[in-house]
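Heads up, the sequence shown is in our numbering, so the first residue is 10 and it goes up one at a time. By construction, the Cβ of each residue, glycine as well, lies at the ideal position given by its N, Cα and C atoms. The block underneath contains the structure these notes are about, expressed in structure tokens.
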Amino acid sequence: MIPQRNISLIANKITTATGQRIPETVIERDYVLAWFLSGLASHALRDCLAFKGGTALRRCWIDGYRFSEDLDFTLTKSIGLDAILAGFAEIYGAVRSASGVQFELDRKAPRQGHNSLTFYLRYLGPLPAPNDVKVDITISEVLCFPLQERPILRQFDEFDDLPVGPTVLSYSLEEVVVEKIEALSNRARNEPRDLYDLWYLLNHNGFWLPGMKSELMAKFQSRGRSAEDLLQIVDNKEERLRRLWRERLSQQVSDLPPYGNVFRDVRRALRAA
């Protein structure tokens, strides 16, 4: 396990480079999640869990991407909660032996919803105080693009004990794009990270939404919704997302762009779709 001073070095480097202070607890979580994924990569559960969401973007796709707080997966095979928790326990042991990072199931009872499993992991890493991370697993999901084998990115030189080479199953960037658009269409969801992630992928990866129309329609249909009123729903969220922009993202993005620019770019792309 890396020493605590490595976490402080990273925090200071980010502050010097951007003027933004990222909490050391956020950096530590980034490190321990990378170790958990390294453990998953060599366990049989790797073939049952497809990694997704903002944490997948950071840990498997984009160097220097925003920090993320949770582990999100989709089941690729039918497997029960007890088998998942038993597999996770084996991963905890392997990670502790390899790194000294300690994981355990949090005392909060796992929760099973209609199409989801949710539980929390307690961990003890380089910082003296323990912390926890939320795990969300979708039981059944319509995938519009093939899954990808992706390496676990180191992200910082100071994470120098992370193994190089392990891979996990991940959503493709295209799949993340349609997922984020679908998330923005959900009237009950107001997460600025959905807007940020979609903006980043559209601006840095050159996705052309009209060319993904059939996949977008399939994703919406799988959720029982229509894309016809997408722009109206997004417009109705504009002020709520604006109010939450810095509050939710300032500790995850060291160079957070102005909200107005991001919203305008995303709306323009959605209108063209």
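Rounded distance between the beta-carbons of residue j and residue i, thought under 8 Å
i: phenylalanine 272; j: glutamate 247; result: 6 Å
i: leucine 54; j: leucine 84; result: Going by Cβ atoms, the distance from leucine 54 to leucine 84 rounds to 10 Å, so no, they are not a contact pair.
i: leucine 94; j: leucine 114; result: 6 Å
i: leucine 49; j: threonine 64; result: Actually they are not in contact, since the Cβ atoms of leucine 49 and threonine 64 sit about 12 Å apart, beyond 8 Å.
i: aspartate 141; j: leucine 130; result: 6 Å
i: glutamate 167; j: asparagine 15; result: 4 Å
i: asparagine 124; j: serine 87; result: Contact flag wrong, Cβ pair sits at about 13 Å.
Cβ-Cβ distance between residue i and residue j below 7 Å
i: valine 177; j: leucine 258; result: no
i: glutamine 111; j: leucine 133; result: yes
i: isoleucine 146; j: phenylalanine 82; result: yes
i: glutamine 13; j: leucine 136; result: yes
i: asparagine 214; j: leucine 182; result: yes
i: threonine 127; j: arginine 116; result: no
i: tryptophan 44; j: serine 108; result: yes
i: isoleucine 242; j: arginine 196; result: yes
i: glutamate 184; j: phenylalanine 216; result: no
i: isoleucine 36; j: isoleucine 19; result: yes
i: aspartate 206; j: lysine 189; result: yes
i: leucine 253; j: proline 175; result: no
i: cysteine 69; j: serine 179; result: yes
i: serine 231; j: valine 151; result: yes
Closest residue to residue i among the options (Cα-Cα distance)
i: serine 194; options: Phe76, Val275, Cys153, Glu37; result: Val275
i: valine 187; options: Ala103, Pro219, Asn199, Pro172; result: Pro219
i: asparagine 270; options: Gln261, Leu250, Glu256, Gln260; result: Leu250
i: proline 32; options: Ser263, Arg280, Leu152, Arg277; result: Ser263
i: aspartate 203; options: Glu191, Ala92, Asn214; result: Glu191
i: arginine 221; options: Pro172, Leu279, Gly174, Val173; result: Checking the sequence shown, residue 221 turns out to be methionine, not arginine. Residue Leu279 is the option with its Cα nearest to methionine 221.
i: phenylalanine 76; options: Trp208, Asp170, Gln164, Leu207; result: Gln164
i: alanine 138; options: Ser51, Leu225, Thr34; result: Thr34
i: phenylalanine 62; options: Val144, Pro266, Ser51; result: Here residue 62 is glycine; the residue named in the question, phenylalanine, does not match the sequence. Minimum Cα distance to glycine 62 is reached at Val144.
i: asparagine 212; options: Gly28, Val104, Arg159, Pro266; result: Pro266
i: glutamine 29; options: Tyr268, Arg67, Arg255; result: Arg255
i: arginine 9; options: Asp244, Asp72, Arg67; result: The chain is shown only over 10 to 282; residue 9 falls outside these bounds and no answer can be derived.
i: alanine 26; options: Gly73, Leu225, Tyr40; result: Gly73
i: valine 173; options: Ile23, Ser17, Ser51, Asn245; result: Ser51
i: alanine 282; options: Asp238, Thr24, Tyr268; result: Asp238
i: tryptophan 208; options: Tyr268, Leu225, Ile100; result: Tyr268
Residues that residue i bridges to, as DSSP identifies them
i: valine 177; result: Arg159
i: threonine 127; result: Arg120, Asp145
i: leucine 133; result: Gln111
i: phenylalanine 60; result: Phe82, Ser179
Beta strand (DSSP E) segment containing residue i, residue limits
i: threonine 83; result: 80-84
i: isoleucine 146; result: 140-147
i: glutamine 29; result: Unbroken run through glutamine 29: none, as it is neither H nor E.
Residue i - containing alpha helix (DSSP H), residue span
i: glutamine 230; result: 222-231
i: aspartate 244; result: 239-258
i: valine 41; result: 33-50
i: valine 275; result: 268-281
i: leucine 204; result: 201-214
heavy atom of the ligand SAM below 6 Å from residue i C-beta
i: alanine 278; result: With respect to the ligand SAM, the structure shown offers nothing to examine, as it has no ligands at all.
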